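A.B. asks:
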Amino acid sequence: MGGGATGQQRSKLTDSPDALQASAAGSASAAGDAIRSLGTPDFPAAFARMAASEFLADQIVVFRADGPGRIRTLLAQNLREGAGRALSLAESYTSRHWARDPHGQLLLPGTTPDVVLRAVRIEEIGDREYRRRLFAEPRLGAKAALVVRAPDHVLYVNLYRGMDRQPFAPGELEAVGRACDLIAAMLERHFALADDAAAGDLGAVRRVIEGASRERGGTPLSAREAAVCARIVAGYSTEGIGLDLGVSQHSVISYRRRAFEKLGIATQKELFSLVLRRHRLLGT
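Using our numbering, the first residue of the sequence shown is number 388, and each one after it goes up by one.
(1) Which residue from Val615, Lys649, Ala452 puts its Cα closest to that of Val634?
(2) Have a look at Phe659, Ala435, Arg664, Arg526 and flag the residue whose alpha-carbon is nearest the alpha-carbon of Leu546.
(3) Leu495 to Pro557, Cα distance in whole Å?
(4) Please report the Cβ distance between Arg508 and Ala444, rounded to the nearest whole angstrom; I am assuming they are in contact, meaning their Cβ atoms lie under 8 Å.
(5) Can you give me the Cβ contacts of Arg505 inside the same chain, cut-off strictly under 7 Å, excluding the 5 residues immediately before and after it?
(6) Compare the Cα-Cα distances from Arg467 to each of Gly454, Ala432, Thr499, Val620 and report the closest residue.
(7) Would you report the Cα separation of Lys530 and Arg519, rounded to the nearest angstrom?
(8) Confirm, please, whether the CB-CB distance from Glu441 to Ala470 is below 9 Å.
(9) Using the C-alpha atoms, what's the distance from Ala566 back to Leu661?
(10) Buried or exposed, going by whether 16 or more other CB atoms sit within 10 Å of the CB of Ser624?
(11) Does DSSP put Gln553 in a helix, in a strand, or in coil?
(12) Considering only DSSP beta bridges, list what Ala439 is partnered with.
(13) Specify the secondary structure class of Thr460 as computed by DSSP and reduced to three states.
(14) Straight-line CA distance for Leu461 to Glu510?
(15) Let me make sure I understand the geometry here. Which of Asp488, His484, Val541 has the alpha-carbon closest to that of Val503?
(16) Under 9 Å between the Cβ atoms of Gly456 and Leu630?
(17) Can you tell me which residues form a DSSP beta bridge with Arg508?
(18) If I follow the unbroken alpha helix (DSSP H) through Val522, where does it start and stop?
(19) Please look up how many angstroms separate the CB atoms of Ala572 and Ile596, rounded, as I've assumed it's under 8 Å.
(20) What does DSSP give as the partner residue(s) for Gln492 in the beta ladder?
(21) Comparing C-alpha positions only, which one of Glu575, Ser638, Gln655, Ala653 sits nearest to Val449?
(22) State the Cα-Cα distance for the pair Arg664 and Val535, rounded to the nearest angstrom.
(23) Just the Cα atoms here: how many angstroms apart are Gly419 and Pro554?
(24) Answer with buried or exposed for Asp551, where buried requires no fewer than 16 other C-beta atoms within 10 angstroms of its C-beta.
(25) Which two residues bound the contiguous alpha helix (DSSP H) that contains Ile640?
Here you go:
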């Protein structure tokens with residue numbers, strides 16, 4: 388990455404060489420920390436700090452799309468309110484709001500790799516519910532959206548700014564564009580390196596859930612029930628789970644209900660807590 392300050396960052400600095408050197412050093416340090424943490428649970432927070440340093444991002448959410456409705460959360464961090472806030476918004480997106488996304492048509496794997504970069508302001512979002520839940524309520528005023536399309540999947544990188552910041556200016560968007568190859572490479576490399584403690588490894592998540600079920604001493608989860616729970620933890624929507632497993636959405640809901648009853652839980656948050664208590668899967 389460039390390592391230099393953006394125009395807005397420079398306006399907050401003095402003109403002294405020491406101040407400019409300190410800014411560049413901080414940016415380089417953040418990028419170095421992210422690179423050194425590739426494949427470890429420290430990467431999500433390190434990547435978020437890098438995005439904050441380079442692009443003045445307050446929240447970072449990264450999704451992977453494998454087809455219509457097959458969307459899962461890879462990374463969600465909020466520098467102001469913690470990962471919990473970002474994860475809650477990401478869950479809202481993957482469970483229902485993805486269908487309202489004005490960039491939804493871009494989230495389909497392409498026959499040839501390409502990159503699309505868009506800037507969005509809250510006032511430009513026409514869908515009221517999408518605007519309310521994903522921007523107005525968490526007080527996010529703008530984002531830069533980087534869509535990296537490969538033949539078999541799409542990486543969807545969202546860099547948000549709070550309402551107290553200016554939206555992304557053209558020059559700042561260009562800086563994100565210049566860094567897109569590195570951003571995509573880092574994300575792809577991290578999730579390729581991550582061992583089966585990573586949230587994206589459905590087999591690992593499934594084994595953790597099955598272990599938790601056995602510990603409770605009740606009726607064990609069926610293979611389908613465990614598979615559905617694993618995909619919920621990995622961020623799949625109900626539709627995405629159905630498409631991935633080749634079953635109807637109604638069946639997904641039934642498997643989820645039976646699994647939750649066997650696990651003694653009632654909500655997805657309780658499922659996440661159950662998994663996280665047993666094994667550190669999400670890198671938070």
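Yeah, the Cβ is synthetic: ideal placement off N, Cα and C, and Gly gets one too.
Computed from a prediction, not measured in an experiment: that's the story for all the values here.
C.D. replies: Taking the geometry as given:
(1) Among Val615, Lys649, Ala452, the Cα nearest to that of Val634 belongs to Val615.
(2) For Leu546, the nearest C-alpha among the options comes from Ala435.
(3) Straight-line Cα distance between these residues: approximately 26 Å.
(4) Contact doesn't hold; Cβ gap of about 15 Å is too wide.
(5) Leaving aside the five residues that flank Arg505 on each side, the residues in its chain whose CB is nearer than 7 Å to its CB run, in chain order, His490, Ala532.
(6) Checked all of Gly454, Ala432, Thr499, Val620; the closest Cα to Arg467 is Ala432.
(7) If you take the alpha carbons of Lys530 and Arg519, they lie about 15 Å apart.
(8) Cβ atoms of Ala470 and Glu441: not closer than 9 Å.
(9) A direct Cα-Cα distance of roughly 37 Å separates Leu661 from Ala566.
(10) Taking all protein chains in view, the Cβ of Ser624 is crowded by 16 or more other Cβ atoms within 10 Å, so the residue is classified as buried.
(11) Coil, per DSSP.
(12) According to DSSP, which records beta bridges pairwise, Ala439 is partnered with nothing at all.
(13) Looking at Thr460 - three-state DSSP - the assignment turns out to be strand.
(14) In a straight line, the C-alpha of Leu461 is about 27 Å away from that of Glu510.
(15) If we check each option's Cα against that of Val503, Val541 comes out closest.
(16) Inclusion of Gly456 and Leu630 in the CB contact set at 9 Å is warranted, their separation being smaller than that value.
(17) Per DSSP, Ala529.
(18) The amino acid occupying residue 522 in the given sequence is Phe; Val does not appear at that position. Premise fails: Phe522 is in no alpha helix (DSSP H) and is neither H nor E.
(19) With a Cβ gap of about 32 Å, Ala572 and Ile596 do not count as contacting.
(20) Listed as beta-bridge partners of Gln492 by DSSP are no residues whatsoever.
(21) Considering only alpha carbons, the answer is Glu575.
(22) Those two C-alpha atoms are separated by around 33 Å.
(23) Whole-angstrom Cα-Cα distance: 27 Å.
(24) Of the residues assessed, Asp551 falls on the exposed side of the cut-off, its CB having fewer than 16 other CB atoms within 10 angstroms.
(25) Segment 636-650, the alpha helix (DSSP H) holding Ile640.
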